[in-house]
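Here the structure comes first, spelled out in structure tokens, and everything after it is commentary.
Numbering (the numbering used here), first residue to last: 3 to 371.
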């Protein structure tokens, strides 16, 4: 599941308003990332500096939603200490208590309830519907509005088409491999919610073909952006790298086992290619390093390479840094991520720390960057 990019499509903004917007977006991203990762020190520092505990991403999810979903009780208590609104609803009308109940975090449920938390979906704990009880799919292909539809590139599997569903643009992708997602699989994928991952909406069986339904990315994917530029400027590349790393960290920190993307690249926005594995998280790290290298050194460097994305433990790829305008720490990060020894590849939470530190240093040395 490729993370969504919050950037503007490359390049620097033309005015102070644009730069302020990017700065605010980055602050909100940092704040929500601290909450999702359970980083109490980083979150507390931003709260003390005046960041509102109620800031929301464009899915209207707050730090309290993320902490409740991930099971970070100390973060929940910290946010409540700073008077976080316990009953704000996200785009799916869920409150933090709804999420805590959904993921069975009983200790957090008690904390939220004592502080006035309400479950906006159910008055009682969420009942798990067993797969044999229902095979329903919430999206009926017959109601998709094809007027104004168009073929787009969003993902690496099958043909993708932009269509309207209930007045909203979405993407349907014909999956070429014969398989079926069960009701349980559909529910699981829909429940993966993070500001930096593509939202899965459901799947539909059409004859013998499976159609995946996902949200539409109006600004395109990273491949579209790189197709218009030889390379990205450093501030933009760092913003995109942070977006990707935060989304991937969310997947890798999934409990009880991490969710592995397997096909992370600049074009793939598909949300169905995942597996559970501890070792294969290192493959995702290597692919992330290649994407960073691609953004900074130029899209043409990888144009003719066909990667076996699922067997990167033995991949043969030599870095050739021709651009010396970015910090040594970023170059070292790329080298570590693409190391031939998987044990040397850092986890995504460590990648995020490096990217955030370099971004902050860059902003202080160049306020308009």
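By construction, the Cβ of each residue, glycine as well, lies at the ideal position given by its N, Cα and C atoms.
- Residue 294 places its beta carbon less than 8 Å from that of residue 336.
- The three-state reading of DSSP puts residue 257 in coil, since its state is none of H, G, I, E or B.
- For residue 222, the three-state secondary structure derived from DSSP is coil.
- Close CB contacts of residue 357 within its chain, under the 7 Å cut and outside five residues either way in sequence, are with 240, 243, 244 and 247 (chain order).
- DSSP lists 212 as the bridge partner or partners of residue 177.
- Look at residue 238 here: in three-state DSSP terms it is helix.
- Taking the Cβ atoms as the reference, residue 92 lies roughly 14 Å from residue 120, outside the contact range of under 8 Å.
- The straight-line gap separating the alpha-carbon atoms of residue 177 and residue 187 is approximately 15 Å.
- In this structure the stretch 29-43 lies against the stretch 61-81, because at least three pairs of beta carbons, one per stretch, are closer than 8 Å.
- Your pair residue 154 and residue 162 checks out as a contact, with CB atoms roughly 5 Å apart and the cut at 8 Å.
- Going by DSSP, residue 162 is part of the beta strand (DSSP E) stretching over 162-167.
- By the Cβ-count criterion, residue 184 is exposed, with fewer than 16 other Cβ atoms from all chains shown falling within 10 Å of its own Cβ.
- Per the coordinates, the alpha-carbon of residue 57 lies some 44 Å from the alpha-carbon of residue 209.
- At a Cβ-Cβ threshold of 8 Å, residue 299 and residue 233 count as neighbours.
- With respect to the C-alpha of residue 253, the residue from 213, 205 and 198 having the closest C-alpha is 198.
- In the three-state DSSP reduction, residue 153 falls in the strand class (E or B).
- Of the residues 206, 285, 238 and 283, the one whose Cα lies closest to the Cα of residue 365 is 238.
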